[in-house]
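This note's numbering numbers the first residue of the sequence shown as 298 and each following residue consecutively. Here's the structure, in structure tokens; my notes come after.
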Amino acid sequence: MDFNELWRQIKLNFWRLSDSLGVEWAPTDIPISRRLQTLGAAGWICLVLFGEAFAILLFLKLLYSSYYWLALIYAFWMMNDIDICNKGGRRVVARVGWAFEREIKFQTIWSEICMSREKPGNEDSAVNKYDTKFNVDLSREQNHYDTIVDWAENAQPTSFYIFRHLCASTTPTYLMMTINVFEWVRSWSWWYYYRDYFPLNLVKKHDLDPSRNYLFACFPHGVVSSSAFGAFATNALDFNRIFPGMTCNMITLGGHFLVPFFRDLILALGACSSSPESLMYLLDTKKQRGKCVALIVGGAAESLDSHPGEYKVILSRRKGFVRIAIKTGAPLVPVFSFGETDVFRPLPNPENSLLRRFQETFRKITGIAPMFPIGRGVFQYSYGVIPLRKPVTTVVGKPMEVAKNLDPTDEEVDAVHAEFTERLTELFNSEKAKYLRNHKGINLVIT
Numbered sequence: 298m299d300f301n302e303l304w305r306q307i308k309l310n311f312w313r314l315s316d317s318l319g320v321e322w323a324p325t326d327i328p329i330s331r332r333l334q335t336l337g338a339a340g341w342i343c344l345v346l347f348g349e350a351f352a353i354l355l356f357l358k359l360l361y362s363s364y365y366w367l368a369l370i371y372a373f374w375m376m377n378d379i380d381i382c383n384k385g386g387r388r389v390v391a392r393v394g395w396a397f398e399r400e401i402k403f404q405t406i407w408s409e410i411c412m413s414r415e416k417p418g419n420e421d422s423a424v425n426k427y428d429t430k431f432n433v434d435l436s437r438e439q440n441h442y443d444t445i446v447d448w449a450e451n452a453q454p455t456s457f458y459i460f461r462h463l464c465a466s467t468t469p470t471y472l473m474m475t476i477n478v479f480e481w482v483r484s485w486s487w488w489y490y491y492r493d494y495f496p497l498n499l500v501k502k503h504d505l506d507p508s509r510n511y512l513f514a515c516f517p518h519g520v521v522s523s524s525a526f527g528a529f530a531t532n533a534l535d536f537n538r539i540f541p542g543m544t545c546n547m548i549t550l551g552g553h554f555l556v557p558f559f560r561d562l563i564l565a566l567g568a569c570s571s572s573p574e575s576l577m578y579l580l581d582t583k584k585q586r587g588k589c590v591a592l593i594v595g596g597a598a599e600s601l602d603s604h605p606g607e608y609k610v611i612l613s614r615r616k617g618f619v620r621i622a623i624k625t626g627a628p629l630v631p632v633f634s635f636g637e638t639d640v641f642r643p644l645p646n647p648e649n650s651l652l653r654r655f656q657e658t659f660r661k662i663t664g665i666a667p668m669f670p671i672g673r674g675v676f677q678y679s680y681g682v683i684p685l686r687k688p689v690t691t692v693v694g695k696p697m698e699v700a701k702n703l704d705p706t707d708e709e710v711d712a713v714h715a716e717f718t719e720r721l722t723e724l725f726n727s728e729k730a731k732y733l734r735n736h737k738g739i740n741l742v743i744t
């Protein structure tokens, strides 16, 4: 047998099959940076699609091994920690868990400094200048915030970066270690390759006051909310630089926090449950300030209407987030991700079709909408689950003030909801020309 001839026939048949399926192969001379970006996007979508299944299998493997006692210890700890997703998540615990009252005072002063900051330039020399003033004994925890307060009341730094440095240098070691772990997870290099793959961008239309909390109402959901994840669950899009003095928590389904190991990853990313209890806790200024709570209002139901070039959002029957904003007095911020619906090509699923009925039934039972997105592969552009390389820009609009009322009437909720709908429509119409191709034929459809 002539193996060279056999190999030639195999390659010939392979290319014929590829041509018949319309497969477009990636060039072989692509720079390594783009390969890493593709790898970052592939890793992210695998985490979203298969992360929970892998975590469950890992836990079961551990449970039925000689290390079963580790699984039992983890299960015991998890059950005692099960409500953390409704109590602000890991980031809140790390920031204010040890000294709540001093943290509130610290947040207020930090807010004033951040709001009056200058552009960062020579932070290193300025930090050295103020470090001389800060060479004092801070071994006792009760002096920590008091010292910062005294310093901040008598000196104005040239940049909020200086204040951040001083805060870090005087924070108890165990507290800074906790904070740094979560910021480290949010700052993995993986997320930066993921950001550059599309690329993802975050645009601010209005400054936010770090002494207040805000409810970000994000649209559209898309297939898997790729832009919202990058902007609000990682540090890759420089959220802390764009909104100084603010921290962000991404909101997701509470069921994700029941999955062992997987829950710890999303908690480290700042995720919290979508329950009313969780939202009320996060937006309560008596517990913390400078908080942005990113909620994707349309949820899984909206993902079923995600198709390239179309922007159909579910808002008319979503009023729970408005009621929570009124109860807490948190301003509502319209957030829109332009290009989110273009990163996948889902299978056609018109209303009342067999596929759509299956998706709706599955979503009502599990809370998860089963999508069958068509993206690309690692080495070809025609088939696969990796999202397409399409730019996505997340625009954060101007906050809408909401009058606080612990017991709002339906009429109040409807009035605020109507005003927010107008604000969202205005944001879409004013920004679509900047970020969408063929924008004249694209309109926002609200259902």
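Note that beta-carbon positions come from the ideal geometry of N, C-alpha and C, so glycine has one too. These figures come from a predicted structure and were not determined experimentally.
- Cβ neighbours of Cys515 within its own chain (closer than 6 Å, five residues either side excluded): Ala525, Ala591, Ile593 and Val632.
- For the options Phe717, Leu612 and Gly606, the alpha carbon positioned closest to that of Pro688 is the one of Gly606.
- A residue is called buried once 16 or more other Cβ atoms fall within 10 Å of its Cβ, and Val675, having fewer, is exposed.
- Secondary structure at Pro573: helix, using DSSP grouped into helix, strand and coil.
- Nearest in C-alpha terms to Leu367, of all of Tyr494, Cys382, Ala528 and Phe558, is Phe558.
- Asn546 has Val590 as its beta-bridge partners, per DSSP.
- Between Tyr608 and Thr638, the CB-CB gap stays under 8 Å.
- Less than 8 Å divides the Cβ of Gly587 from the Cβ of Thr544.
- Here the alpha carbon of Glu698 sits roughly 12 Å from the alpha carbon of Leu505.
- In terms of Cβ geometry, Leu612 and Ala622 do not form a close pair [threshold 8 Å].
- Excluding residues up to 5 positions away in sequence, Gly606, Tyr608, Lys729 and Leu733 lie with their Cβ nearer than 7 Å to the Cβ of Ile739 in the same chain.
- For Asn726, the enclosing alpha helix (DSSP H) starts and ends at Asp707 to Tyr732.
- Taking the Cα of Trp341 as reference, the smallest distance to any Cα among Arg388, Ser523 and Arg620 is reached at Ser523.
- Straight through space, the alpha carbons of Tyr511 and Gly567 are spaced by roughly 16 Å.
- Residue pairing for Pro670: DSSP places it in a beta bridge opposite Pro643.
- Under DSSP, Lys609 forms a beta bridge with Val742.
- In the three-state reduction of the DSSP assignment, Phe558 falls in the coil class, being assigned neither a helical nor a strand state.
- Beyond the five residues adjoining it in sequence on each side, Arg686 comes within less than 7 Å, by CB distance, of Tyr494 and Phe495 in the same chain, given in chain order.
- The DSSP-derived three-state label of Phe676 is coil.
- Taken through DSSP and simplified to helix, strand or coil, Lys501 comes out as strand.
- In this chain, the alpha helix (DSSP H) harbouring Cys343 covers Ile329 to Leu360.
- A distance below 8 Å separates the beta carbons of Gly636 and Thr690.
- Within the same chain, Thr638 and Pro643 come within 7 Å of His604 by CB-CB distance, once the 5 residues on both sides are set aside.
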